[in-house]
Structure formats: C-alpha cells, structure tokens
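**Q** Structure provided below as structure tokens; questions to follow.
Number of protein chains: 2
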Amino acid sequence: MTVTPHQDPQAPIKTTVQPPEMSTIIGYVLRRAQLSVFQDFLDSFAALKLRPAEFSVLNLIAQCPGQKQSEIAEQLGIKRANFVALMDGLEKRGLAERRKSPEDKRSHSLHLTPQGECFMAEMFAVWRTHEERMIERLGGEAERDRLVELLERLSDRA
Amino acid sequence: MTVTPHQDPQAPIKTTVQPPEMSTIIGYVLRRAQLSVFQDFLDSFAALKLRPAEFSVLNLIAQCPGQKQSEIAEQLGIKRANFVALMDGLEKRGLAERRKSPEDKRSHSLHLTPQGECFMAEMFAVWRTHEERMIERLGGEAERDRLVELLERLSDRA
DNA sequence: GCAGAAATGTTATGATATAAAACAATCTTC
DNA sequence: GAAGATTGTTTTATATCATAACATTTCTGC
Chain U
143 MTVTPHQDPQ APIKTTVQPP EMSTIIGYVL RRAQLSVFQD FLDSFAALKL
193 RPAEFSVLNL IAQCPGQKQS EIAEQLGIKR ANFVALMDGL EKRGLAERRK
243 SPEDKRSHSL HLTPQGECFM AEMFAVWRTH EERMIERLGG EAERDRLVEL
293 LERLSDRA
Chain E
143 MTVTPHQDPQ APIKTTVQPP EMSTIIGYVL RRAQLSVFQD FLDSFAALKL
193 RPAEFSVLNL IAQCPGQKQS EIAEQLGIKR ANFVALMDGL EKRGLAERRK
243 SPEDKRSHSL HLTPQGECFM AEMFAVWRTH EERMIERLGG EAERDRLVEL
293 LERLSDRA
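Going down the list, the protein sequences come from chains U and E.
Whatever position you read off the first sequence (first residue = 1), add 142 for our numbering.
Whatever position you read off the second sequence (first residue = 1), add 142 for our numbering.
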C-alpha cells in the first residue's frame, strides 16, 4: 500500500497511483541480477567457449550419465527441438556423445567422452572461481544459502 | 569447498571433481526464478498486451516525464537502437509520445499521453496483484526486502 | 567562428533464444 | 495387430540482443 506519504498542498490532487520505484520491483531486480551474474559467467567462460546451457548439460550428464536426451532437456526447461542443435555442438566438439540404447531404439542416452571428462576439470575450475566471486558479492556463503532459499521459493511452481 | 564428504571405500578413487548440484548454482537458481516470475508477469499482463520492458518504460516515464529517449533506454540497459521499435509501439498504441525538445533538436523527450495516464491505473492494479503473489511465494514483505537486498549486491557492478 | 569530435535517434543486419508444428521411427496399450 | 503416445529431428516463425553505419545536431579546442 505504498501511496504518496505527503501530498503537496499546492499541487493538484493526483488521481493516479504513485508509480513503484524500479529498485523495489522483484521481477526487475531479479532480472538485472541474473543478467549481471550471467555476464560474469560469459566472461569467465569466454576462453572455453562455453555457454550457460552447455555448462548445465555437461554437468547433468556428468552427474548421471546415460540419461535420455529428453530427460536432460526437460530438467533444464529446454524444448527438445531446441536441444538438438545444442547437443550437436557438444558432440562435434567431442565433449559428449549420443548412444543408441538397445532397449528403446528411439531414444539416445547421453554420455561424456574421455575428452569431455578431461574438459570438466577445466570447466569446474573456471566455474568455482566464478562462483566464489558471486559469493563474495553477496557477502559470504550464509548469504548465498539464504538467497538460494528465497529464489527457490519463487520458482517453486508446477 | 563442497567436496564429496565420504568417498565410498569400494568405489575406485575418482580423479574428477564432483559436479556441483544444480540447485546450489547461483546463476542457475537465479535464472529459473527469473523465468518463473516473468512467466507470472506475462500471464498477468496478457490481457493488457504489455511486456516487461514496456511496463518498465511506462513506469519510468511516469516517474519522471520529459526524460530523453536515450536516458530511459540506458536506465533499463536497453540499447538505444533497440529502444526505437519499443517506443514506436507505445506511441502507436497512444500510451506515450515523443516530443521534440527545443533546446536539443536531436533528442526526444518522452511523455505519457492522457490515454497513457489512464492506462497506468489498470497497469498498476494488475502489477500489484502480481507483486503480491510473488511476495506470498517468498513468505512475506520481510523476505522480499531481504531478497531485493541480496539481488542488488549481485548486480552492483559497474 | 570553425573544424573535428561526440551525442542522438534511426535503419539495417546478424546472432541467439525460444516456441510451435509436422514428421519418421519406435514403443505402448488394448 | 491397430491406435495412440513417445523420441528425436527438421523446419519455421518470433522475440531478443548486439553491432555497424548514417544524418542531424551539439559540443570542444583552438
């Protein structure tokens, strides 16, 4: 209920509601923060030529190799149609590969290549310094944990 | 320094670092939350056919009428080249207008039209219910304030 | 006052992201 | 076995975003 606290007695009475300050709008502040963090990510990974989505895909494959292409895509909120080109890129770079599963000949199970495993070491090193920088911005790990908790409440939708 | 706390004694010693859990990666959680909040915004404003950027532009013009086109664009991180079409849209809908400033004949000062002022009332009503919904997700205004504070720390870069 | 540099709005273009429809191959269900 | 669903794929359309180039206007140094 943020209304103008003091109405200037000389000014004509405003019928319009007071516009909200941009810096208090959740969506706006959230978007700006996300862009800033992604920019740092992009700068950090420029040498490795790795985009956030590619990082996430490699990370998910490493965590649980053999998952189906659609499963990985859906976990990341990527439409399976758009996932094809992304996976093509990782395959062409020799980092990951599709294997035809004998049980279900429609699906592809995803795995890291040996090169991909090697690449992960570099990737995590770069990521860790990036993440430490973000934690420093926040003020520490406790603040990071609090932020993550609040953010998860925001996205906790079906 | 999140390392696997207990190494399974039967398992072969892993030389690769443990992949970080996605739900702990600041950028990832941030991105997911931002998409979720924007989705709610888009749904809320579907009837008014208003995008987040358009909302922000109208809000900034209302807060401080007469600002130059480039000033508004820069505040929102929109390249002035991309701002042209956005402003064209608002002008064609009769919500805002460009006025040639006599002092600087290059620049356009931006103002709401009377229709635009009227539109703002609807806009704020819709926005408020959206924002209240987001605050509810967070658990209250205190949590909102804390979140905004943490997010500003993340984006507080030059 | 004038020449060169900078600012402003604009157009055009390319890259990227995202969504939807349609399709072939395969699997599931009945 | 037939009908329908799933999986990966291609194609297409749209939205977003960055860059370069341009004309007009203003500013700066001299």
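Each residue gets a CB set at the ideal place from its N, CA and C atoms; glycine is no exception.
What are the boundary residues of the alpha helix (DSSP H) that includes A204 of chain E?
**A** As a working mapping, residue 204 of chain E is identified with position 62 in the second sequence. A204 of chain E -> alpha helix (DSSP H) spans P194 to Q205.
**Q** Quick one: which chain E residues come within Cβ less than 7 Å of P161 of chain U?
**A** Position 19 of the first sequence, counting from 1, holds the residue named residue 161 of chain U. The answer, in chain order, is N201, A204 and Q205.
**Q** At which residues does the beta strand (DSSP E) containing S186 of chain E begin and terminate?
**A** Position 44 of the second sequence, counted from the start, is the residue given in the question as residue 186 of chain E. Unbroken run through S186 of chain E is the alpha helix (DSSP H), I168 to S186; no beta strand (DSSP E).
**Q** Consider the Cβ of L192 of chain U: report whether some Cβ of chain E lies at a distance smaller than 9 Å.
**A** The sequence position of residue 192 of chain U within the first sequence is 50, counting from 1. It does not; no Cβ of chain E falls within 9 Å.
**Q** Short of 6 Å in beta carbon distance, which residues of its chain neighbour F225 of chain U, apart from the five on each side in sequence? Order them along the chain.
**A** Here residue 225 of chain U refers to the residue found at position 83 of the first sequence. Closer than 6 Å at the Cβ level, and outside the excluded window around F225 of chain U, lie A215.
**Q** Between F183 of chain E and chain U, is the shortest Cβ-Cβ distance under 9 Å, so that the two count as touching?
**A** In the second sequence, counting from the first residue as 1, residue 183 of chain E sits at position 41. Yes, F183 of chain E lies at the interface with chain U (some Cβ there is under 9 Å from its Cβ).
**Q** Consider the C-beta atom of H272 of chain U and the heavy atoms of the ligand SAH; say whether any pair is separated by less than 8 Å.
**A** With respect to the ligand SAH, the structure offers nothing, as it holds no ligand at all.
**Q** Do Q209 of chain E and S251 of chain E count as a contact pair if the criterion is CB distance below 9 Å?
**A** Along the second sequence, one-based indexing puts residue 251 of chain E at 109. Along the second sequence, one-based indexing puts residue 209 of chain E at 67. Taking 9 Å as the Cβ cut-off, S251 of chain E and Q209 of chain E qualify as a contacting pair.
**Q** Run through chain U and tell me which residues come within less than 7 Å of Q176 of chain E, C-beta to C-beta.
**A** On the second sequence, residue 176 of chain E is found 34 positions in, with the first residue counted as 1. Within 7 Å Cβ-Cβ: L172, R173 and Q176.
**Q** Please name the residue, chosen from E:Q257, E:E245 and E:D246, that lies closest to R235 of chain E on a Cα-to-Cα basis.
**A** Here residue 235 of chain E refers to the residue found at position 93 of the second sequence. The shortest Cα separation from R235 of chain E among E:Q257, E:E245 and E:D246 belongs to E:Q257.
**Q** Kindly indicate the opening and closing residues of the beta strand (DSSP E) around S251 of chain E.
**A** Counted from its first residue, the second sequence places residue 251 of chain E at position 109. For S251 of chain E, the uninterrupted beta strand (DSSP E) run begins and ends at H250 to L254, by DSSP.
**Q** Should L192 of chain E and L202 of chain E be called a contact, given that it needs their Cβ atoms to be closer than 9 Å?
**A** In the second sequence, the residue the question calls residue 192 of chain E occupies position 50. In the second sequence, the residue the question calls residue 202 of chain E occupies position 60. Not a contact, by the Cβ cut-off of 9 Å.
**Q** By the DSSP assignment, the beta strand (DSSP E) with A238 of chain E in it spans what residues?
**A** Taking the second sequence and counting its residues from 1, one reaches residue 238 of chain E at position 96. Per DSSP, A238 of chain E belongs to the beta strand (DSSP E) from A238 to K242.
**Q** Could you work out which residues of chain U lie near T166 of chain E, taking near to mean beta carbons separated by less than 8 Å?
**A** Position 24 of the second sequence, counted from the start, is the residue given in the question as residue 166 of chain E. Chain U residues near T166 of chain E: V290.
**Q** According to DSSP, simplified to helix, strand and coil, what is D150 of chain U?
**A** Your numbering for residue 150 of chain U matches position 8 in the first sequence. For D150 of chain U, the pLDDT reaches just 43, beneath the cut-off of 50, and the residue's location in the model is therefore unreliable, leaving the point undetermined.
**Q** Compute the Euclidean distance between the alpha carbons of R174 of chain E and E245 of chain U, then round it to the nearest angstrom.
**A** In the second sequence, the residue the question calls residue 174 of chain E occupies position 32. In the first sequence, the residue the question calls residue 245 of chain U occupies position 103. Looking at the two C-alpha atoms, the distance is approximately 33 Å.
**Q** At a CB-CB cut-off below 9 Å, which residues of chain U make contact with E285 of chain E?
**A** Residue numbering aside, residue 285 of chain E sits at position 143 when the second sequence is read from its first letter. Under the 9 Å cutoff, chain U gives L292 and R295.
**Q** Do we get a CB-CB distance below 9 Å when we pair R222 of chain E with the residues of chain U?
**A** The residue given as residue 222 of chain E occupies position 80 in the second sequence. Closer than 9 Å: no.
**Q** So with CB distances below 8 Å, who are the chain U contacts of F124 of chain E?
**A** Outside the shown range of chain E, which is 143 to 300, sits residue 124 of chain E, and nothing can be said about it.
**Q** Going along the chain, which residues of its own chain have a beta-carbon closer than 6 Å to the beta-carbon of M229 of chain E, five neighbours each way excluded?
**A** Along the second sequence, read from residue 1 onward, the residue named residue 229 of chain E stands at position 87. The beta carbon of M229 of chain E sits closer than 6 Å to no other beta carbon from its chain once the five residues preceding and following it are set aside.
**Q** Looking at the secondary structure, which residues open and close the alpha helix (DSSP H) in which L289 of chain U lies?
**A** Here the question's residue 289 of chain U lines up with position 147 in the first sequence. Segment E283 to S297, the alpha helix (DSSP H) holding L289 of chain U.
**Q** DSSP three-state call for K234 of chain E: helix, strand or coil?
**A** Taking the second sequence and counting its residues from 1, one reaches residue 234 of chain E at position 92. Note: K234 of chain E maps to helix in three-state DSSP.
**Q** Should R241 of chain E go down as buried or exposed, given a rule of 16 or more other Cβ atoms within 10 Å for buried?
**A** As a first step, residue 241 of chain E is located in the second sequence; it is residue number 99 there, counting from the start. Label assigned to R241 of chain E: exposed.
**Q** Does G236 of chain U come within less than 9 Å of chain E when only Cβ atoms are used?
**A** Here residue 236 of chain U is taken as the residue at index 94 of the first sequence, counted from 1. Closer than 9 Å: no.
**Q** Excluding the 5 residues preceding and the 5 following E294 of chain E in the sequence, name in chain order all residues of the same chain whose CB lies nearer than 6 Å to its CB.
**A** Counting from one through the second sequence, the residue named residue 294 of chain E turns up at place 152. Hits under 6 Å: none found.
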